[in-house]
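Everything below concerns the one structure shown next.
Number of protein chains: 2
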Amino acid sequence: MKEPLKLGIAGLGTVGAGLLELMAKHGVSLEETLDRRIVVTGVCARNRDKVRGADIGHARWFDDAVMLAADPNIDCFVELIGGDEGPARAAVEAALKAGKHVVTANKALLAKHGMELARLAEKHAVSLNFEAAVAGGIPVIKMLREALAANEVKRVYGILNGTCNYILTKMQDEHLAFDDVLKDAQAKGYAEADPTFDIGGFDAAHKLALLTSLAFGTTLPADQIHVEGIQTISAADIEAAQSLGYRIKLLGVAERTASGIEARVHPAFVPEEATIAQVSGVTNCVAIEGDFSGSVLLVGPGAGAKPTASAVASDIVDVARGLVLPPFLKPVAQLKPFQRANLSGHYGSYYIRLSVLDRPGAMASIAKRMGDRGVSLESIVQKKPGTADAAAASVVLITHETTEENIRKALDAIEADGNIAARPQMIRIEEL
Amino acid sequence: MKEPLKLGIAGLGTVGAGLLELMAKHGVSLEETLDRRIVVTGVCARNRDKVRGADIGHARWFDDAVMLAADPNIDCFVELIGGDEGPARAAVEAALKAGKHVVTANKALLAKHGMELARLAEKHAVSLNFEAAVAGGIPVIKMLREALAANEVKRVYGILNGTCNYILTKMQDEHLAFDDVLKDAQAKGYAEADPTFDIGGFDAAHKLALLTSLAFGTTLPADQIHVEGIQTISAADIEAAQSLGYRIKLLGVAERTASGIEARVHPAFVPEEATIAQVSGVTNCVAIEGDFSGSVLLVGPGAGAKPTASAVASDIVDVARGLVLPPFLKPVAQLKPFQRANLSGHYGSYYIRLSVLDRPGAMASIAKRMGDRGVSLESIVQKKPGTADAAAASVVLITHETTEENIRKALDAIEADGNIAARPQMIRIEEL
Chain E
0 MKEPLKLGIA
10 GLGTVGAGLL
20 ELMAKHGVSL
30 EETLDRRIVV
40 TGVCARNRDK
50 VRGADIGHAR
60 WFDDAVMLAA
70 DPNIDCFVEL
80 IGGDEGPARA
90 AVEAALKAGK
100 HVVTANKALL
110 AKHGMELARL
120 AEKHAVSLNF
130 EAAVAGGIPV
140 IKMLREALAA
150 NEVKRVYGIL
160 NGTCNYILTK
170 MQDEHLAFDD
180 VLKDAQAKGY
190 AEADPTFDIG
200 GFDAAHKLAL
210 LTSLAFGTTL
220 PADQIHVEGI
230 QTISAADIEA
240 AQSLGYRIKL
250 LGVAERTASG
260 IEARVHPAFV
270 PEEATIAQVS
280 GVTNCVAIEG
290 DFSGSVLLVG
300 PGAGAKPTAS
310 AVASDIVDVA
320 RGLVLPPFLK
330 PVAQLKPFQR
340 ANLSGHYGSY
350 YIRLSVLDRP
360 GAMASIAKRM
370 GDRGVSLESI
380 VQKKPGTADA
390 AAASVVLITH
400 ETTEENIRKA
410 LDAIEADGNI
420 AARPQMIRIE
430 EL
Chain H
0 MKEPLKLGIA
10 GLGTVGAGLL
20 ELMAKHGVSL
30 EETLDRRIVV
40 TGVCARNRDK
50 VRGADIGHAR
60 WFDDAVMLAA
70 DPNIDCFVEL
80 IGGDEGPARA
90 AVEAALKAGK
100 HVVTANKALL
110 AKHGMELARL
120 AEKHAVSLNF
130 EAAVAGGIPV
140 IKMLREALAA
150 NEVKRVYGIL
160 NGTCNYILTK
170 MQDEHLAFDD
180 VLKDAQAKGY
190 AEADPTFDIG
200 GFDAAHKLAL
210 LTSLAFGTTL
220 PADQIHVEGI
230 QTISAADIEA
240 AQSLGYRIKL
250 LGVAERTASG
260 IEARVHPAFV
270 PEEATIAQVS
280 GVTNCVAIEG
290 DFSGSVLLVG
300 PGAGAKPTAS
310 AVASDIVDVA
320 RGLVLPPFLK
330 PVAQLKPFQR
340 ANLSGHYGSY
350 YIRLSVLDRP
360 GAMASIAKRM
370 GDRGVSLESI
380 VQKKPGTADA
390 AAASVVLITH
400 ETTEENIRKA
410 LDAIEADGNI
420 AARPQMIRIE
430 EL
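Chains as they are written, first to last, in numbering that gives the first Met the number 0: chain E, 0 to 431; chain H, 0 to 431.
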């Protein structure tokens, strides 16, 4: 049998506790599989008193994650602290510099400092694995870095944030308003007290940054992702989507175009018959479209202690098996610079909802503004005002395919004309 | 840069040609990814004239696959010949014995001789990779052998045969009879002239055998899988399923039970709202339920030259990266003997369709026979005979959960009573 693999685990919150539980339960079976024992030789957490429940066996306690990371008695440092700076970053850097393999679930750290960490890992010929950083228990990193590595990826997209999908699903199923569902999600622990990071799309953008680099072999797009959240989605939009044969999902999409890579996080209309439309609640999914593989879709739990622990454990298994890969598909020197495609060139269909004032010629003027920009309409649905004296009617337009520039200019002109009572709602329709 | 990886490819049919196309298109990118060149140094096919179209570059031609397999100028033997004996088996054995890595798409060979081939691979410390053998472009082998390796799998199931799924989907969507759809599938090339291997469930059973070993860490179940095909499924069953909120799919299911592993291929009712119910046409899917990962579902193309070539290429990528794993999750010595759970103990709900003779007391007698065996009914739907003089009515029963033994004994008694005009139809309802 090979030498045991010695782990140092920093951070013993829910995921850390889940990992210890997994090791306790499946340690023997894993030893058979790997012909190698995995032992936890060191642990570190903020509050020693809090983790007394977890079985840390004979592991040595460290108060300082950086000390643990560089400890000569560990081979692999497991970072479950979180945060894109501070002790997580310092400890991961220390571990790599000390020639330790690193396994982390920290998407924020990787989205921000992934390139320099990958360079460090390569320099020291160690692993930097982060399966748990994207889509929890769904092994999408392994998919892109290994299983589909011989493909040219055309598009990768998915439902990458469980909080948003829970909210949108509940709004749809129970005909509720955004604010009410958000409160419910907060009460259930599916949304944070300050939910901005999730519902604003920023969490999904971190994950999409990692997927983009892995899918296209580019440097990380970091702050170059177009991000819109779900806070503008109203019950009227959800209802219109359903009546038109669509569902609204917060998607992360990265797509190869002639002018670069479109990387965007935003609510989107998806056809109700698409598999992704059925992905409900906190479940995540990721689809990868390779030129040879075709479209491969993965669906599974996007978060939670156990699925995340499973993903962390699979990274540890790879380390135990001696698999050391470039963290972002290719060695850093081979990664192409991320070239952003301007979203004004995005080509697709659009859903538009307007609150049109009850004036003679208003609709004609709106239709003309669309026509001026070459935007043709697939359907127009005008809803009568709810009450007799309402001054505006809700008008829903589905456009044929056009560029986002045309849409934006047409909407700007419509707003300037003063025939609408509120800012127009615009949601992209994703061709799946 | 590392030494090039030298491939010998035996079999240049559609998949072989797809692989050569992939290598020609993505060779440069793969070299960047792997820091290693992959070169085809030898090829072999039945008919040299037929493959003149494929670009085999400077590869040496071999008339004999075994000679190619043992050629000192190759590192990795790619077997795309097919068949569970003959040249495929001989060449794979020769390659392993000569210390060459083997990549194969041959599910029949592996289902039959997998254990002895795995032993050979282990003895010579080489890879035996077969991602393309199950579910085409869906990387399910990698999923089980690597990504979910730290889980105890509770159940693995899926739609493993595109021909059957195409037929069932078309029967459902176009309200056609089995025979008519089969003829259409044959005309389109989705079904063979002799379709028994596909529609009888045997192809799915080969794939399930491989999945079972990988999921549960057991020896291959080989001939110990319960197999039923789709040839008994009638338009009446499809229609009944739809009206009850189900779809009929040919499933391969392997499930851990108290008395062993249930491994079965058969048509099944699946709830229409389950994602798997939406998987239509020749698309395949596989779901893996791990105790930590939760349920992870993969959906993608189950066959075709390009997806299969993508899977073969991913196996080659693993070889190029030096990843050598036990072929069936654990080293052969660690695999537990496959312990078959008798299907009579299967616990679940059932769909039963009876052609009940128009006699006084017939339904009462049927209900009593069910009751005698402790089978309670969730629903009974009796359809009037199509014509006034029809002697039998179609009765559809959905049972509550019970054992298969109870169902079978109740149906035997019902048949013996002589109140039905044809053999009962029984289809398992799969809890998803």
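Yeah, the Cβ is synthetic: ideal placement off N, Cα and C, and Gly gets one too. Keep in mind that this is a model prediction, so the values were computed, not measured.
How many angstroms separate the CA atom of residue i from the CA atom of residue j?
i               : j               : result
A132 of chain H : H205 of chain H : 9 Å
V380 of chain E : I287 of chain H : 43 Å
A312 of chain E : A421 of chain E : 50 Å
A308 of chain E : E130 of chain E : 10 Å
A89 of chain E  : E115 of chain E : 13 Å
D62 of chain H  : A97 of chain H  : 19 Å
R352 of chain E : D193 of chain E : 29 Å
S348 of chain E : V269 of chain E : 11 Å
C284 of chain H : I275 of chain H : 7 Å
A221 of chain E : D202 of chain H : 46 Å
I224 of chain H : V139 of chain H : 20 Å
A409 of chain E : Q333 of chain E : 42 Å
D317 of chain E : T103 of chain E : 13 Å
R368 of chain E : E429 of chain E : 24 Å
A58 of chain H  : I315 of chain H : 17 Å
T402 of chain E : D290 of chain H : 46 Å
L4 of chain H   : P330 of chain E : 18 Å
N418 of chain H : V395 of chain H : 15 Å
A366 of chain E : K248 of chain H : 47 Å
E92 of chain H  : A124 of chain H : 14 Å
R372 of chain H : N405 of chain H : 5 Å
L431 of chain E : S233 of chain E : 23 Å
F215 of chain H : A23 of chain E  : 19 Å
T211 of chain H : G299 of chain H : 20 Å
Assuming residue i and residue j make a contact with CB atoms under 8 Å, what is their CB distance in whole Å?
i               : j               : result
L127 of chain E : L328 of chain E : Not confirmed; about 12 Å, so no contact.
H265 of chain E : R427 of chain E : 6 Å
A110 of chain H : T32 of chain E  : The Cβ separation is near 22 Å, so there is no contact.
Give the DSSP bridge partners of residue i, in chain order.
i               : result
E433 of chain E : Because residue 433 of chain E is not part of the residues shown, which for chain E are 0 to 431, the question remains open.
A262 of chain H : H:A253
M425 of chain H : H:I351
I406 of chain E : Beta-bridge pairing links I406 of chain E to no other residue.
G299 of chain H : H:N283
N128 of chain E : E:V102
K335 of chain H : H:T217
E78 of chain H  : H:A9 and H:T103
R47 of chain H  : The partner list for R47 of chain H (beta bridge, DSSP) is empty, contrary to what the question assumes.
I37 of chain H  : H:L4
V133 of chain H : For V133 of chain H, which the question treats as bridged, DSSP gives no partner whatsoever.
R358 of chain H : Partner(s): none; R358 of chain H has no beta bridge.
S212 of chain E : Answer by DSSP bridge pairing: none, since S212 of chain E is not bridged.
Q381 of chain E : E:V394
Let's test the definition: count the other Cβ atoms within 10 Å of the Cβ of residue i and tell me whether it reaches 16, buried, or not, exposed.
i               : result
K305 of chain H : buried
M0 of chain E   : exposed
S375 of chain E : exposed
P377 of chain H : In the sequence under discussion, the amino acid at residue 377 of chain H is Glu, which differs from the Pro named in the question. By the 10 Å Cβ count, E377 of chain H comes out exposed.
P336 of chain E : exposed
H112 of chain H : buried
L356 of chain H : exposed
D54 of chain E  : exposed
A390 of chain E : exposed
P85 of chain H  : Checking the displayed sequence, the identity of residue 85 of chain H turns out to be Gly instead of Pro. G85 of chain H comes out exposed.
G200 of chain E : buried
R358 of chain E : exposed
Could you tell me whether any non-hydrogen atom of the ligand HEM is closer than 8 Å to the CB of residue i?
i               : result
T402 of chain E : What this structure holds is no ligand at all, so the ligand HEM is not there to describe.
Taking 9 Å as the CB-CB cut-off, is residue i touching chain A?
i               : result
N128 of chain E : No chain A is part of this structure, whose protein chains are labelled E and H.
Between the region 3 to 11 of chain E and the region 37 to 48 of chain E, do at least 3 Cβ pairs fall closer than 8 Å?
Three or more pairs of CB atoms, one per stretch, sit closer than 8 Å, so the region 3 to 11 of chain E contacts the region 37 to 48 of chain E.
Would you call the region 168 to 176 of chain H and the region 253 to 266 of chain H in contact, with 3 or more CB pairs under 8 Å?
Segments in contact, no.
Would you be able to state if there are at least three C-beta pairs under 8 Å between the region 235 to 255 of chain E and the region 155 to 165 of chain E?
Per the Cβ contact rule, the region 155 to 165 of chain E is in contact with the region 235 to 255 of chain E (3 or more Cβ pairs under 8 Å).
Counting Cβ pairs closer than 8 Å, one from the region 10 to 22 of chain H and one from the region 74 to 86 of chain H, do we hit at least three?
Below 8 Å, enough C-beta pairs join the region 10 to 22 of chain H and the region 74 to 86 of chain H to call them touching: three or more.
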